[in-house]
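For reference, the structure discussed in these notes is given below.
Here's what the structure looks like:
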C-alpha cells in the first residue's frame, strides 16, 4: 500500500496538448528522457476526440520532478505544454469540500465524476476500486471535472483551449507570500521533530524576516530536501533552520524554501554570494524574506494596472477649448491640435505603438528652422544640464523652394537623455506665444513611437557597434591602430618626401645651368677678341 501511494506521487498532468496527431507514443517519446514511464493516459470525450489533456505515470518521483522542471513550457506541434503534479481525486474532492464550506458562492460540481477515455475503456476505468486512479491537476481539475459531466461544457473547453494557451502555475515573486504563510505550520512541525522538543515555540515568519536573518530561495530542484538546503548554506554561517516549502494540496515541493541564519551578517554574506549558489547543479535565486507588511504592499502594487505604453503622457501638453490655456490661441492652432489628438487616438489603438518618455515632437516650426536652430531653441528652454541627443527637422523629399532647397514640413523631433528634462522642455515651449508668434504657437507633445521601428533601430546600432569592434579588434589593438599611422598616411608621407627630393634636384639642376651660362657669358668668344 505504501509503494502504491509513493507511485501515485510520481504522476503528472500535461495540459495544452495538441488536438490532432497525438498518441501515447508521442508523450512517451517526449518524457522518456526524464525516467522510466509506467503508464500514459490521454483524456478523450465520448466521441473519441482529444481534450488536450493527459497523465504520465513515472516509476520514480524524481523523474516526475525532472519532467516538470525541464519539460514545462516545451513546444509540441506549435503549442507550449503545461505540466504540473497530478492530484489524487480523493484528496482533490476533500479540498473542494473544504473550499465549499468556507465559500458557498463558489459552486464546484463534484458529483458523478466520469472521465471518459474512449468508448471501450471508459467503463473499465470507472469500475476500478482505487478511486485515486483518476487524478487531476490542482489548477485545472475543476474545469476538467465539470466539463466531463456536461457535453456543452466539453465543447466550450475544447474551443477555448484551441484558441489560447493555458496559463502556467509559475513560482515567481507572487509565490513568496504564499510560500511564507502556507508552509508555516508544516515547517514548524518539522523543526519540533528534529529538535525533539514539542514545546518549542517557533517565532512567526514575519518577525523572522524583520531581523534580517532569513533568506528566501527560489528555483530549487523539486527533489531537493531540507538537508540539501542546510548543507549548501552552512558555509555562510550557523543555521537555525532550513526548510523546503511544501504545497499542502499536492504534498510536493514548491521549488522554494527558507533558511534562517543565527546572525544577520551570515544572511548578508549569503545574499552577496547569491550568484554562485547551486543546489544539485542548479542555480538558485536568493533574496531576503519579506515581512508581512512588505508582502501586502507588494501584492497591492502588483494589482495596480501597469502602463507599459506610457499612455498617461498622451494628455501632457493638450490644450482644451475653453480652458485657461486656450485663451488667445488662434482658431487654426486649435483646429490643428484637434486633428493631432484624433491622429494620436487612432495610432494608439495599435498595441505596438507607445508614447516615448524622452522624445518630443514639435509642430508649427518656422520654415527657416534647421536642425541647429531647433536644438538651440530647446537648449534655451531646458534645464541647464540637460543633454539633447538628437534634434531633427523633417523635410519634404520631392518639394523644393526657389533656391532648390527642400521645403520644411514644419515638424521636428528632439530626443533627451532623460524624461525629466524632456518634460521641462515641453512645458516651457508648448503653447508659448513669445517663441514664434501669438497666432502660430509651438505645439509640443511626447512622440508616439513604433516598438518594431525602435527595435530595428536598436539592432542596427548594435550591429554597427559589433562591426566596428570586429574591424578594430580588442581595445589594445584599437589603441595601437589609433597611435600608428595608417597605410594611406604612410604612403602619402613617402610620396611627399619623394616629391620634395625631386623639387630639390630640379633646383640644383637649374642653378647649375645658370652657373654654366654665367661662366660662359664672362668668357669672350674667339671672334670677339
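Residue numbers (my numbering): 1124 to 1652.
C-beta atoms are modelled at their ideal positions from N, C-alpha and C, and glycine is treated no differently.
Just so you know, these numbers come straight off a predicted model, no measurement behind them.
> For residue 1164 versus residue 1177, is the C-beta distance shorter than 9 Å?
Replying inline: A contact, by the Cβ cut-off of 9 Å.
> To the nearest whole angstrom, what separates the beta carbons of residue 1535 and residue 1497, a pair I think is in contact under 8 Å?
Replying inline: Rounded, the Cβ-Cβ distance is 5 Å, consistent with contact.
>> Once the 5 residues before and after residue 1513 are set aside, which same chain residues still bring their CB inside 6 Å of it?
In response: The residues 1538, in chain order, have a CB closer than 6 Å to that of residue 1513 in the same chain once the five nearest residues on each side in sequence are set aside.
>> Please report the distance separating the alpha-carbon of residue 1355 from that of residue 1211.
In response: For residue 1355 and residue 1211, the distance between alpha carbons rounds to 33 Å.
> Three-state secondary structure (DSSP) at residue 1365?
Replying inline: Note: residue 1365 maps to strand in three-state DSSP.
>> Per DSSP, what are the beta-bridge partners of residue 1401 in this structure?
In response: 1406.
> Do residue 1136 and residue 1207 have their C-beta atoms within less than 9 Å of each other?
Replying inline: Contact check for residue 1136 against residue 1207 passes: the beta carbons are separated by less than 9 Å.
> Whole-angstrom Cβ separation of residue 1157 and residue 1345, contact assumed at under 8 Å?
Replying inline: That belief does not hold up - the Cβ atoms of residue 1157 and residue 1345 are roughly 12 Å apart, past 8 Å.
> Distance, Cα to Cα, residue 1433 vs residue 1398?
Replying inline: Residue 1433 and residue 1398 have their C-alpha atoms spaced approximately 33 Å apart.
>> Check this for me: beta carbons of residue 1409 and residue 1353, under 9 Å apart or not?
In response: Result no, Cβ atoms of residue 1409 and residue 1353 do not sit closer than 9 Å.
> What do you reckon, are the CB atoms on residue 1442 and residue 1570 nearer than 9 Å?
Replying inline: In terms of Cβ geometry, residue 1442 and residue 1570 do not form a close pair [threshold 9 Å].
>> Below 8 Å on the Cβ atoms is my contact criterion, and I expect residue 1516 with residue 1488 to pass it. Report the Cβ-Cβ distance as a whole number of Å.
In response: Contact holds; Cβ gap of about 7 Å.
> Run through DSSP, which three-state label would residue 1334 get?
Replying inline: In the three-state reduction of the DSSP assignment, residue 1334 falls in the coil class, being assigned neither a helical nor a strand state.
> Is the segment 1519-1529 touching the segment 1493-1510 in the sense that three or more CB pairs, one from each, lie closer than 8 Å?
Replying inline: With a cut-off of 8 Å on Cβ pairs, the segment 1493-1510 is not in contact with the segment 1519-1529, counting fewer than three such pairs.
> Closest to residue 1199 by CA distance: which of 1171, 1413, 1151 is it?
Replying inline: For residue 1199, the closest of 1171, 1413, 1151 by C-alpha to C-alpha distance is 1151.
> From residue 1371 to residue 1167, what distance separates their C-alpha atoms?
Replying inline: One C-alpha to the other measures close to 29 Å.
> Mind checking residue 1456: buried by the 16 CB within 10 Å criterion, or exposed?
Replying inline: The Cβ neighbour count for residue 1456, taken over all protein chains shown within 10 Å, is at least 16; the residue is labelled buried.
> With 16 other CB atoms within 10 Å as the buried threshold, where does residue 1626 fall?
Replying inline: By the 10 Å Cβ count, residue 1626 comes out exposed.
> Given a threshold of 16 other Cβ atoms within 10 Å of its Cβ, counted over all protein chains shown, does residue 1175 qualify as buried or as exposed?
Replying inline: Residue 1175 should be labelled buried.
> Is the Cβ-Cβ distance between residue 1387 and residue 1335 less than 9 Å?
Replying inline: For residue 1387 and residue 1335, yes; Cβs fall inside 9 Å.
>> Is residue 1356 close to chain C? Criterion is C-beta to C-beta, closer than 9 Å.
In response: The structure shown contains no chain C; it holds only a single protein chain.
> Taking the continuous beta strand (DSSP E) assigned at residue 1382, which residues delimit it?
Replying inline: 1376-1384 is the span of the beta strand (DSSP E), which, as asked, contains residue 1382.
> Along the chain, where does the beta strand (DSSP E) that runs through residue 1394 open and close?
Replying inline: No beta strand (DSSP E) holds residue 1394; the alpha helix (DSSP H) holding it covers 1387-1395.
>> In whole angstroms, give me the CA-to-CA distance for residue 1477 and residue 1460.
In response: Distance from the CA atom of residue 1477 to the CA atom of residue 1460, rounded to whole angstroms, is 19 Å.
> Taking the C-alpha atoms as reference points, what is the distance between residue 1592 and residue 1585?
Replying inline: Here the C-alpha atom of residue 1592 lies approximately 11 Å from the C-alpha atom of residue 1585.
> I think residue 1506 touches residue 1544, with their Cβ atoms under 8 Å apart; what is that distance to the nearest whole Å?
Replying inline: 5 Å between Cβ atoms; contact.
>> Can you list, in chain order, the residues of its chain with a C-beta nearer than 6 Å to that of residue 1064? Leave out the 5 residues immediately preceding and following it.
In response: There is no way to answer for residue 1064, as the model of the chain reaches only from 1124 to 1652.
> Where does residue 1537 sit, in a helix, a strand or coil, going by DSSP?
Replying inline: Three-state result, residue 1537: strand.
> Roughly how many angstroms lie between the CA atoms of residue 1348 and residue 1195, to the nearest whole one?
Replying inline: Going by the C-alpha atoms only, they are around 22 Å apart.
> Under the DSSP definition of a beta bridge, which residues are partnered with residue 1518?
Replying inline: By DSSP's assignment, residue 1518 forms a beta bridge with 1531.
> At which residues does the beta strand (DSSP E) containing residue 1499 begin and terminate?
Replying inline: Per DSSP, residue 1499 lies in no beta strand (DSSP E) segment; the continuous alpha helix (DSSP H) that holds it begins and ends at 1494-1503.
> Mind checking whether residue 1133 and residue 1184 have CB atoms under 9 Å apart?
Replying inline: A contact, by the Cβ cut-off of 9 Å.
>> As a quick exercise: from 1155, 1197, 1339, pick the residue whose alpha carbon is nearest that of residue 1138.
In response: Ranking 1155, 1197, 1339 by Cα distance to residue 1138 puts 1197 first.
> Is residue 1559 helix, strand or coil by DSSP?
Replying inline: Three-state DSSP puts residue 1559 in coil, outside helix and strand.
> Hey, how far is the Cα of residue 1067 from the Cα of residue 1154?
Replying inline: Nothing can be reported for residue 1067, as the shown portion of the chain is limited to 1124 through 1652.
>> Nearest by alpha-carbon distance to residue 1564: which of 1362, 1511, 1486 is it?
In response: Distances from the alpha-carbon of residue 1564 to those of 1362, 1511, 1486 put 1486 closest.
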